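K.L.:
Sequential numbering of the sequence shown, starting at 1, is according to full-length UniProt numbering.
Yeah, the Cβ is synthetic: ideal placement off N, Cα and C, and Gly gets one too.
Keep in mind it's a predicted model, so treat the numbers as computed, not measured.
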Amino acid sequence: MDSDVLAKKSSAGHLQRNKTERRRLQGLQRVETTTGGAKPKAPQTWGQSMSIWMINEGNTKLFFVAFLILHLIAAIFAVFHYSLKDNLTGARATFGPTFVIARSAALVIHIDVIYILLPVCRNFVSLLRRTPLASVIAFDENITLHKATGWSILIGSVLMLSTNLYRLTMADTSATTTGERVKFFVVANFIIGPLWTGWLMLLFLGIMVYYAMEKRRRIANGGFEKFWYTHHLFIPFFILWQLHGMFCMIKPDRPPFCSYNTIGVFWRYWIVGGIIWISERVLREVRSRHVTYLSKVIQHPSNVMELQIKKEKTKTRAGEYIFINCPEISYFQWHPFTLTSAPQEDYISVHIRVEGDFTTALAKAVGCNFDKKDKDAATVVTPALNRPLPRIMVDGPFGTCSEEFMNYETVLLVGAGIGVTPFASILKTIWYRLNNFGGEKATRLSKVYFTWVIRDFGTAEWFHSLLHAIETQDTQNRIEINIYLTQRIKEDDMNNIIVHDVGAEKDAITSLRAPTHFGRPNWDRIFGSIAEKHPESDVGVFFCGPAAIAKALHTKSNEYSDPKATRFFFGKENF
C-alpha cells in the first residue's frame, strides 16, 4: 500500500514538474521582461545624479560641448575679424555681409580639417586610449566625432558657396537684366576658379556623405563597397580645397595682395592630421607585407566561418579587432573583424558571419560551402590539391573599450548574436588569468557575469565548445554564464526539451550547467542582483550588438549606479 502511494506521489510530482517546465517555456518570454525581482531605488539627490551622469555620460557629453564651443568661439572671432579689419573695406563694400559670413564659415571648416582625419587613425587612437587622456576624452566615440566633423564641413561648405554665388552674381555691374544675370551665373561657374572648385568639392562631399549614411552603408548588395570607394573622394576633395583658396579673387585693400600668408592656407590646417594619416597608411602597407598565412579554416553552423591566421610580429590584447584584406577579392577593401583568440594562443582567429558581399566572396575563396548537407556540424575546410588557400593581409590589432575589462573587480559581459565574438577572446583571457595558466599574472578581476542573447540555439554553436571548456575548468564559479533564447519555441522542440530537462544536471539545449532562459533578459533583475551582491564595487559593463540593447544597458548602468555603493561603467564596441 505504501509503495502504491509513493508511486502515485512520484508520478504526480513528475507531472507537476512537466507542467512547471512547460509554463516556464511558454510564459517566461513575457515574465523575463517584467521588473520583478528588482529592488526599488531610493530617490537621488542632485549631487548623486551629477556623479552618476559623470560616470557614463560625462566624458562624451563634455567633449561634445567642447566641440560646439570651439566652433562657436571660432565663428565669433571670425565675424569680428572680417567685420572690423581695416584692410578688407573694399571686399565688404562689394560683397556686403555675405563676405563676412562666407569667410567665417571658411575659417570654421579649416579648423574642422585639423582633426577630421584623426578619429580614423586607429593606431593613433589605440595609443592614446592607453594614456591618462582616456579619463578625459571619450576615445570610444571616435567615429561619432568623425561624423560630426564631416557634417560641420558640409554645412559650412554649403553656406560659403551659396553666399559667394549670390554676391558674385549680384556684383556684376555689366549685367542689368535678369537674363544677363542668369547668363553670367552659368558662365561664372566655369570660369571663376573658386566657383568651379567649390562646386566640385560640394559634389564630392555630397557623394561621400550620401553613401556613408548608416542605412545605405549596411545595404547587403554592395553597400559597404560603395561607401568604401566613394569615401576616398576625400583625396581629390582636399586637393581642390587647397586650389580653392589660391585664385586670389577677393583682394585686400593694400599690398601684398596675394602673399603665401593669405591664400592657399589649407595645407597649414591639414598638415598635422594629414601626416599622421599618411603614416598610418604607410604602416598598413608595411604590416600587410609581414609573413601572414591561413593556418586553418573551420566551417561552423549558421553560416559562420572561423579563420585561424598566423602572422609574424603581432601581439594582441583581449577585446581588440583587426582589419582583413584578401587581394584575391580586392586589394583596396579592408574590413574590420573582432579577434576571438586570446593573446596566450599562438595564432589569431576571427569568426565571421557570412551574409554580405565581401564575406560571401571570402568564404568562397577559402573553400567554405554552406550549401552542403552536413552544414550542422563544424568541419575543417581542406583546400583542393591544386588550389592553395588565398593570401590574407592583416592590419592591426586596434583597441576598443573592451580592453579595459581587467580594470574592474566585477564585469558584466553582454553579447547579442554574432556580437559575442569579442567576448570569446575576453573569456579565454579571463580563464587563463584566473587559473594562472602559463605563468600569467594574477588579476584583481574576481567575478564575471556573461550574458548571451541569441535568437535561436543554432545561431553560434561554435561558441558552445568554449563555454563548455570554461565551465568545466571554472571550479570556483567565478564565471557565471546566462544564455537567453528569444525566439518562440515550436511545440515539438518544447516537448523534447521538457523530457530531457526535468531532473537533468545539465541544460537540454546547451549541455551546460547554466540553464537556458527563454525570452528577453530582465535587465532590472540582473543589475539589481549584481548591485546587491557587489556593494561598493565598480562594475564594468561591456556590450557588442544592436543599438536597442546598447541603449537599454546604458540606461540601466546609469539607473543602478550609486556613487556611495555600486557603480556601473558602460562601454560599447564601436568601430
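By a C-beta neighbour count over all protein chains shown, 10 Å radius and 16 as the cutoff for buried, is W151 buried or exposed?
P.N.:
exposed
K.L.:
Would you check if the distance between the CB atom of S537 and the CB atom of E409 is smaller than 9 Å?
P.N.:
yes
K.L.:
What would DSSP say about residue 576, mapped onto helix, strand or coil?
P.N.:
Because the chain here runs from 1 to 575, residue 576 falls outside it and cannot be looked at.
K.L.:
Taking the alpha-carbon positions, what's the V209 to D112 distance?
P.N.:
16 Å
K.L.:
Using only alpha-carbon positions, find the residue among F234, I479, H468, I426 that is nearest to Y449.
P.N.:
Comparing C-alpha distances from Y449 to each of F234, I479, H468, I426 shows the shortest one belongs to I479.
K.L.:
For E306, name the three-state secondary structure that DSSP assigns.
P.N.:
strand
K.L.:
Check the C-beta distance from H231 over to T197 and give it rounded, since I have them as a contact under 8 Å.
P.N.:
Actually they do not touch by this definition, with Cβ atoms about 20 Å apart.
K.L.:
So, with DSSP's three-state summary, where would you put Q299?
P.N.:
If DSSP states are grouped into helix, strand and coil, Q299 belongs with the strands.
K.L.:
Check whether the region 99-108 touches the region 133-148, taking contact to mean three or more Cβ pairs, one atom from each stretch, closer than 8 Å.
P.N.:
no
K.L.:
Nearest-angstrom Cα distance between V182 and V158?
P.N.:
20 Å
K.L.:
Pick helix, strand or coil for W46, following the three-state DSSP scheme.
P.N.:
Confidence at W46 is low in this model, with a pLDDT of 44, below 50, so its placement is unreliable and the value that follows should be read with caution. Reduced to three states, the DSSP call for W46 is helix.
K.L.:
Tell me which residue opens and which closes the alpha helix (DSSP H) that R122 is part of.
P.N.:
122-128
K.L.:
Is I143 near V120, with beta carbons less than 9 Å apart?
P.N.:
yes
K.L.:
If Q299 sits next to V381, beta carbons under 8 Å apart, how far is it from one beta carbon to the other, in whole angstroms?
P.N.:
6 Å
K.L.:
In whole angstroms, what separates the C-alpha of S402 from that of H554?
P.N.:
Going from the Cα of S402 to the Cα of H554 covers about 15 Å.
K.L.:
What is the rounded straight-line gap between the Cα of G399 and the Cα of L200?
P.N.:
CA-to-CA, the gap between G399 and L200 works out to about 36 Å.
K.L.:
Between the alpha carbons of K9 and R455, how many angstroms are there, rounded?
P.N.:
Unreliable placement is indicated for K9, whose pLDDT of 38 sits below 50; the coordinate value is still reported in the next sentence. Cα to Cα, the separation comes out at about 38 Å.
K.L.:
Measuring CB to CB, does L412 end up less than 9 Å from G540?
P.N.:
Yes, these two residues count as a Cβ contact at 9 Å.
K.L.:
Going by Cα to Cα distance, which pick from W452, E285, I278 is closest to H517?
P.N.:
W452
K.L.:
Just grab the DSSP bridge partners of D538 for me.
P.N.:
R567
K.L.:
Counting C-beta neighbours from all protein chains within 10 Å, is the total for M213 16 or more, i.e. buried, or is it exposed?
P.N.:
exposed
K.L.:
Assign D395 to one of three DSSP states: helix, strand, or coil.
P.N.:
strand
K.L.:
Consult DSSP for V182 and reduce its assignment to one of helix, strand or coil.
P.N.:
helix
K.L.:
Tell me, please, whether the region 324-338 touches the region 349-365 by the rule of three or more beta-carbon pairs shorter than 8 Å.
P.N.:
yes
K.L.:
To the nearest angstrom, how far is it from the Cα of T33 to the Cα of F542?
P.N.:
A caution first: T33 carries a pLDDT of 42, below 50, which makes its placement in the model unreliable, though a value can still be read off. Near 21 Å, if we compare the C-alpha coordinates of F542 and T33.
K.L.:
Please report the residue range of the beta strand (DSSP E) in which T338 lies.
P.N.:
335-338
K.L.:
Excluding sequence positions up to five away, which residues of its chain have a Cβ less than 8 Å from the Cβ of T379?
P.N.:
Same-chain partners within the cutoff: I298, Q299.
K.L.:
Does the separation of the CB atoms of G273 and I114 fall below 9 Å?
P.N.:
yes
K.L.:
Just to check my reading of the structure: F67 and A148 have Cβ atoms closer than 8 Å, yes? What is that Cβ distance to the nearest angstrom?
P.N.:
7 Å
K.L.:
Helix, strand or coil for A552? Go by DSSP, reduced to three states.
P.N.:
helix
K.L.:
Just how far apart, CA to CA, sit V414 and G96?
P.N.:
58 Å
K.L.:
Keeping to the same chain, check which residues put their C-beta closer than 7 Å to that of H290; ignore five residues upstream and five downstream.
P.N.:
K311, E312, K313
K.L.:
Could you tell me the alpha carbon to alpha carbon distance between I69 and Q487, rounded to whole angstroms?
P.N.:
One C-alpha to the other measures close to 47 Å.
K.L.:
Quick one: residues in its chain with C-beta nearer than 6 Å to the C-beta of K556, no 5 flanking neighbours on either side, listed in chain order?
P.N.:
W523, F527
K.L.:
Give every residue of the same chain whose Cβ lies closer than 7 Å to the Cβ of Y347, excluding the five residues on either side of it in the sequence, and list them in chain order.
P.N.:
S295, Q308, I309, K310, S341
K.L.:
Compare the C-alpha of V286 against each of I250, Y321, V394 and name the closest.
P.N.:
V394
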